[in-house]
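**Q** Protein chains in written order, with the numbering used here: chain C, 54 to 364; chain D, 325 to 676.
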Amino acid sequence: MKKYILKRIVTSVFTLLAILLILFILMQLMPGSPFNDEKLNNDQRAALYAKYGLNQPVIIQFFKYVFNMLRGDFGVSYNISKNTPIAQLIQSRLPISIAIGGAAVALGAFVGLILGVTAALWHDTVWDTVATIISVIGVSVPSYVFALALSYQFGFQWRLFPMLFSPQQMVASSVLPSISLSMFTMASIARFTRSEMLEVLGSDYMLLAESKGISGPALIFRHALRNALIPIITVLAPLIVDLMTGSLVVEKIFAIPGVGSLLVNAIQSNDYNVVIALSFIYSAMYIIIMLAVDILYGVIDPRIRLSKSEA
Amino acid sequence: MKKNAQTADMTAYVPTAADFCLKNNAGEIAIDNNFAAQSFWKEVFIRYFRKVSAVFGLVMIILISVMAVTGPGMNKYSYSEQNLLQKNLAPRVHALEKLGIFDGSENMHTTTGTKKINYYTENKLDNVYYWFGSDNFGRDIWTRTWSGARVSLIIAVAAAVIDMIIGMSYGLISGYFGGRVDMVMQRILEIVNGIPRLVIVTLLLLILKPGMVTIIIALMLTEWVGMSRIARAEMLKLKEQEFVLASRTLGAGSFFIIFREVLPNIIGPIITQVMFSIPTAIFTEAFLSFVGLGIPVPQCSLGSLISEGFNSFTTHPYQIVPPIIVMALLMLSFNLAADGLREALDPKLKEV
Numbered sequence: 054m055k056k057y058i059l060k061r062i063v064t065s066v067f068t069l070l071a072i073l074l075i076l077f078i079l080m081q082l083m084p085g086s087p088f089n090d091e092k093l094n095n096d097q098r099a100a101l102y103a104k105y106g107l108n109q110p111v112i113i114q115f116f117k118y119v120f121n122m123l124r125g126d127f128g129v130s131y132n133i134s135k136n137t138p139i140a141q142l143i144q145s146r147l148p149i150s151i152a153i154g155g156a157a158v159a160l161g162a163f164v165g166l167i168l169g170v171t172a173a174l175w176h177d178t179v180w181d182t183v184a185t186i187i188s189v190i191g192v193s194v195p196s197y198v199f200a201l202a203l204s205y206q207f208g209f210q211w212r213l214f215p216m217l218f219s220p221q222q223m224v225a226s227s228v229l230p231s232i233s234l235s236m237f238t239m240a241s242i243a244r245f246t247r248s249e250m251l252e253v254l255g256s257d258y259m260l261l262a263e264s265k266g267i268s269g270p271a272l273i274f275r276h277a278l279r280n281a282l283i284p285i286i287t288v289l290a291p292l293i294v295d296l297m298t299g300s301l302v303v304e305k306i307f308a309i310p311g312v313g314s315l316l317v318n319a320i321q322s323n324d325y326n327v328v329i330a331l332s333f334i335y336s337a338m339y340i341i342i343m344l345a346v347d348i349l350y351g352v353i354d355p356r357i358r359l360s361k362s363e364a
Numbered sequence: 325m326k327k328n329a330q331t332a333d334m335t336a337y338v339p340t341a342a343d344f345c346l347k348n349n350a351g352e353i354a355i356d357n358n359f360a361a362q363s364f365w366k367e368v369f370i371r372y373f374r375k376v377s378a379v380f381g382l383v384m385i386i387l388i389s390v391m392a393v394t395g396p397g398m399n400k401y402s403y404s405e406q407n408l409l410q411k412n413l414a415p416r417v418h419a420l421e422k423l424g425i426f427d428g429s430e431n432m433h434t435t436t437g438t439k440k441i442n443y444y445t446e447n448k449l450d451n452v453y454y455w456f457g458s459d460n461f462g463r464d465i466w467t468r469t470w471s472g473a474r475v476s477l478i479i480a481v482a483a484a485v486i487d488m489i490i491g492m493s494y495g496l497i498s499g500y501f502g503g504r505v506d507m508v509m510q511r512i513l514e515i516v517n518g519i520p521r522l523v524i525v526t527l528l529l530l531i532l533k534p535g536m537v538t539i540i541i542a543l544m545l546t547e548w549v550g551m552s553r554i555a556r557a558e559m560l561k562l563k564e565q566e567f568v569l570a571s572r573t574l575g576a577g578s579f580f581i582i583f584r585e586v587l588p589n590i591i592g593p594i595i596t597q598v599m600f601s602i603p604t605a606i607f608t609e610a611f612l613s614f615v616g617l618g619i620p621v622p623q624c625s626l627g628s629l630i631s632e633g634f635n636s637f638t639t640h641p642y643q644i645v646p647p648i649i650v651m652a653l654l655m656l657s658f659n660l661a662a663d664g665l666r667e668a669l670d671p672k673l674k675e676v
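1) Just to make sure I have the definition right: I need the residues of chain C whose C-beta is within less than 8 Å of the C-beta of residue 656 (chain D). Which are they?
2) Let me make sure I understand the geometry here. Which of C:190, C:153, C:208 and C:79 has the alpha-carbon closest to that of residue 328 (chain C)?
3) Using the Cβ count rule (16 or more neighbours within 10 Å means buried), how would you classify residue 276 (chain C)?
4) Does residue 270 (chain C) pass the burial test, meaning 16 or more other C-beta atoms within 10 Å, or should it be called exposed?
5) Less than 8 Å between CB atoms is the rule here; does residue 226 (chain C) satisfy it with respect to chain D?
6) Would residue 638 (chain D) count as contacting chain C if we go by Cβ distances under 8 Å?
7) Relative to chain D, which residues along the region 127 to 142 of chain C have a C-beta separation below 7 Å, given in chain order?
8) Which partner residues does residue 441 (chain D) have in the DSSP bridge list?
9) Could you give the C-beta distance for residue 330 (chain C) and residue 127 (chain C), rounded to a whole number, given that I count them as a contact under 8 Å?
10) Give the single residue among C:311, C:281 and C:307 whose Cα lies nearest to the Cα of residue 225 (chain C).
11) In this structure, how does DSSP classify residue 65 (chain C) when only helix, strand and coil are distinguished?
12) Quick one: grab the DSSP three-state call for residue 452 (chain D).
13) Using a Cβ-Cβ distance cut-off of 8 Å, determine whether residue 569 (chain D) contacts chain A.
14) Helix, strand or coil: which one does DSSP assign to residue 126 (chain C)?
15) CB residue 471 (chain D) to CB residue 401 (chain D), shorter than 8 Å?
16) Look up residue 622 (chain D) in the DSSP assignment and say whether it is helix, strand or coil.
17) Looking at the unbroken alpha helix (DSSP H) that takes in residue 211 (chain C), where does it start and where does it end?
18) Below 7 Å CB to CB, which residues in the same chain sit around residue 559 (chain D) once its five sequence neighbours on both sides are set aside?
19) Just confirm the distance between the C-beta atoms of residue 479 (chain D) and residue 536 (chain D), as a whole number of angstroms; I'd bet it's less than 8 Å.
20) With three or more C-beta pairs closer than 8 Å as the rule, is the region 452 to 469 of chain D touching the region 632 to 643 of chain D?
21) To the nearest angstrom, how far is it from the Cα of residue 165 (chain C) to the Cα of residue 281 (chain C)?
22) Just how far apart, CA to CA, sit residue 136 (chain C) and residue 107 (chain C)?
23) Tell me whether residue 573 (chain D) sits in a helix, a strand or coil according to DSSP, three-state version.
24) Restricting to Cα atoms, I'd like to know which of C:287, C:184 and C:199 is closest to residue 351 (chain C).
25) Quick check: the Cα distance between residue 61 (chain C) and residue 543 (chain D), rounded to an integer number of angstroms?
26) When burial is assigned at 16 or more other CB atoms within 10 Å of the CB, is residue 336 (chain D) buried or exposed?
27) Keeping to the same chain, check which residues put their C-beta closer than 7 Å to that of residue 58 (chain C); ignore five residues upstream and five downstream.
28) In the DSSP assignment, find the unbroken alpha helix (DSSP H) run with residue 417 (chain D) in it and report its ends.
29) Which value, in whole angstroms, describes the spacing of the CA atoms of residue 364 (chain C) and residue 503 (chain D)?
30) Taking contact to mean at least 3 C-beta pairs separated by less than 8 Å, is the region 185 to 196 of chain C in contact with the region 255 to 264 of chain C?
31) What's the gap between the Cα of residue 55 (chain C) and the Cα of residue 283 (chain C)?
32) Could you compute how far the alpha carbon of residue 371 (chain D) sits from the alpha carbon of residue 383 (chain D)?
33) Which runs of the alpha helix (DSSP H) spanning at least 4 residues fall entirely within the region 148 to 179 of chain C, listed in chain order?
34) Identify each residue in the region 337 to 354 of chain C for which the Cβ-Cβ distance to at least one residue of chain D is less than 8 Å, and report them in chain order.
35) Tell me, to the nearest whole angstrom, how far the beta carbon of residue 651 (chain D) is from that of residue 606 (chain D); I am working on the premise that it is less than 8 Å.
36) Verify the contact flag: residue 487 (chain D), CB atom, against every heavy atom of the ligand GDP, threshold strictly below 7 Å.
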């Protein structure tokens with residue numbers, strides 16, 4: 054097991070380095086420069102390039118960047134807010150995106166599980182149909198449509214929640230964005246939970262557990278749901294990253310100062326360092342969560358732990 | 325038993341001429357089809373049409389496609405024609421206006437309350453009808469919605485088909501050769517997958533000129549990963565089977581085996597995946613337009629229409645409703661149709 058985890062960590066690190074290099078090369082291919090102020094003459098521009106080390110070969114810039122990054126220094130922003138360290142720029146925005154995304158994931162997973170379990174336990178009844186309809190709609194309708202509908206009804210018509218995000222009312226103004234982001238997660242989790250639970254409920258070991266006299270919640274949660282969890286976690290993992298790093302459109306609708314809007318601003322104004330830093334954070338989160346999921350499999354299902362330690 | 329007893333009682337039977345005639349009862353004969361061999365696609369077809377939701381999805385897709393082709397030509401307006409004297413008019417339809425709906429009136433919210441106003445009667449536009457209303461520049465929303473649906477559909481279908489070709493080839497090759505080739509190809513895949521989609525798409529849109537082709541390329545670059553995974557998994561399942569071995573024994577080359585022997589056997593899951601990737605493409609395109617990286621004006625797609633409508637959705641909600649409904653219906657129908665197709669192709673598959 055230890056060897057397996059170590060191997061996974063090493064490959065993850067190399068994947069991340071490769072992603073960094075590709076991002077670097079892509080940035081070099083981008084048209085324009087970060088200093089496209091018309092008042093600058095060529096000498097001044099060259100001086101700026103020299104100051105930030107942009108006149109050196111790509112490969113040297115790359116190693117310098119990786120070296121600095123390991124010490125927690127992502128460089129400074131060239132354009133969005135001049136000379137602000139990027140760590141600082143992201144620091145204020147990342148928690149907001151993570152908080153709203155986290156709330157959305159938690160809500161979506163929770164409601165989705167309940168819907169899925171309900172549909173499976175009362176299979177082929179009205180509850181099943183209702184849960185299926187909700188999940189089909191949730192998968193098909195984009196999150197920003199929900200966002201618009203919710204902000205129109207609850208924000209504009211009934212004025213229950215603020216239409217725009219404000220840091221003073223952190224909780225109240227996160228409600229609508231979180232709900233609209235959670236719809237897709239909820240629907241996909243509900244679909245998968247239902248099909249997995251149906252399969253588990255029909256299995257022999259459930260019959261055994263039942264005949265041993267186990268019933269009620271213990272039967273469902275300890276015996277059925279635990280076995281259904283593996284595929285559900287696989288579906289949930291990439292969704293978590295997507296939601297944590299913020300859905301751009303929902304951020305735009307509710308005017309949330311998250312990382313998504315920062316990324317678009319940075320790309321549009323050629324702010325290389327910000328783009329690389331954000332993309333890298335996104336990639337790192339993705340790879341770390343994937344790694345965590347792989348290790349989590351072993352915790353949930355001992356059979357996987359065994360077969361992987363042998364391999 | 326009873327019959328035997330009867331025949332024993334009777335005297336020897338003398339056959340008549342009628343016994344040697346055909347009965348002409350073709351209509352009464354029931355042929356047992358249960359165990360008869362049927363063509364695979366015919367069975368798929370029958371199973372697909374047995375499912376109500378799948379048929380609904382298919383009908384809606386056809387309906388919206390037909391409207392996307394004919395809709396923009398159904399009235400006298402064009403998608404880019406502006407008429408600033410007739411801007412922000414609410415929907416008004418010929419027959420329905422007499423029923424009190426779609427009569428061109430809208431509610432205006434002010435601080436003192438809501439008030440019902442009708443710009444058509446106020447501005448003496450008696451013979452002007454905008455079926456879905458007009459937008460901020462006086463453009464007909466009906467025409468724009470359907471031409472937007474057309475653009476979105478073209479982008480989505482093109483992207484899904486190109487995805488299929490690239491992802492399928494990549495996955496099949498990676499799965500077939502296995503070993504070191506597979507390892508390298510899968511590592512590349514992991515790296516590509518690790519870069520945020522948005523970064524790839526935005527960089528591409530900045531390097532190339534914004535437009536339909538660029539969006540198709542961007543969608544193609546990001547969506548092929550899922551397709552290649554499916555193709556690889558299917559290949560791993562099939563490549564050890566006897567028919568592949570037989571083909572190899574007969575001297576078939578790798579590429580013949582991959583594309584002529586294995587591919588026809590996995591076409592089902594691949595088509596299903598294409599159907600699923602179309603709504604994803606529609607969504608991604610809408611999302612790009614919403615962020616401002618989509619189709620350049622005055623052309624429009626469903627996403628750019630929603631984005632435009634968003635700016636005034638509290639004052640003129642009717643402007644955002646048609647594109648949203650068309651897009652939601654389109655995505656719903658493709659999902660339902662794809663679900664139905666998946667079940668029809670593989671009835672043993674567990675229900676998702």
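All C-beta atoms, glycine included, are put in the ideal place defined by N, C-alpha and C.
Note that the structure is a prediction, hence the values are computed from the model and not measured.
**A** Walking through what the data contain:
1) The contacting residues are 189, 190, 193 and 194.
2) Ranking C:190, C:153, C:208 and C:79 by Cα distance to residue 328 (chain C) puts C:79 first.
3) Around the beta carbon of residue 276 (chain C), 16 or more other beta carbons lie within 10 angstroms, which makes this residue buried.
4) Exposed, since its Cβ has fewer than 16 Cβ neighbours within 10 Å.
5) Residue 226 (chain C) does not count as touching chain D.
6) With 8 Å as the cut-off, residue 638 (chain D) counts as an interface residue toward chain C.
7) Of all residues in the region 127 to 142 of chain C, none has a Cβ within less than 7 Å of some Cβ in chain D.
8) Bridge partners of residue 441 (chain D): D:430.
9) So it is a contact: roughly 4 Å between Cβ atoms.
10) Comparing Cα-Cα distances from residue 225 (chain C) to each of C:311, C:281 and C:307, the minimum goes to C:307.
11) In this structure, residue 65 (chain C) counts as helix in the three-state DSSP scheme.
12) In this structure, residue 452 (chain D) counts as coil in the three-state DSSP scheme.
13) Given the protein chain composition of this structure (C and D), no chain A is represented.
14) Looking at residue 126 (chain C) - three-state DSSP - the assignment turns out to be coil, as it is neither helix nor strand.
15) No. Outside cutoff.
16) DSSP places residue 622 (chain D) in coil when its eight states are reduced to three.
17) In the DSSP assignment, residue 211 (chain C) falls outside any alpha helix (DSSP H), carrying neither H nor E.
18) Within the same chain, residue 559 (chain D) has close Cβ partners 495, 496, 499, 500 and 586.
19) Going by Cβ atoms, the distance from residue 479 (chain D) to residue 536 (chain D) rounds to 6 Å, so yes, they are a contact pair.
20) They touch, by the three-pair rule.
21) Here the alpha carbon of residue 165 (chain C) sits roughly 13 Å from the alpha carbon of residue 281 (chain C).
22) Approximately 15 Å between the Cα atoms of the pair.
23) Secondary structure at residue 573 (chain D): helix, using DSSP grouped into helix, strand and coil.
24) Check the Cα spacing between residue 351 (chain C) and each of C:287, C:184 and C:199: the tightest is with C:287.
25) Going by the C-alpha atoms only, they are around 30 Å apart.
26) So residue 336 (chain D) ends up on the exposed side.
27) Once the five neighbours on either side are set aside, the close Cβ partners of residue 58 (chain C) are 348.
28) Secondary structure note for residue 417 (chain D): it is in no alpha helix (DSSP H), with a DSSP letter that is neither H nor E.
29) Low confidence applies to residue 364 (chain C): its pLDDT is 37, below 50, so where it sits in the model is not reliable enough to give any reading.
30) Between the region 185 to 196 of chain C and the region 255 to 264 of chain C there are fewer than three C-beta pairs closer than 8 Å, too few to call the two in contact.
31) Cα-Cα distance, rounded: 21 Å.
32) Approximately 16 Å, taken between the alpha carbons.
33) For the alpha helix (DSSP H) assignment, the region 148 to 179 of chain C encloses no uninterrupted run of at least 4 residues.
34) Answer in chain order: 339 and 340.
35) Residue 651 (chain D) to residue 606 (chain D), Cβ: 7 Å. Contact.
36) Looking at this structure, you won't find the ligand GDP or any other ligand, since it has none at all.
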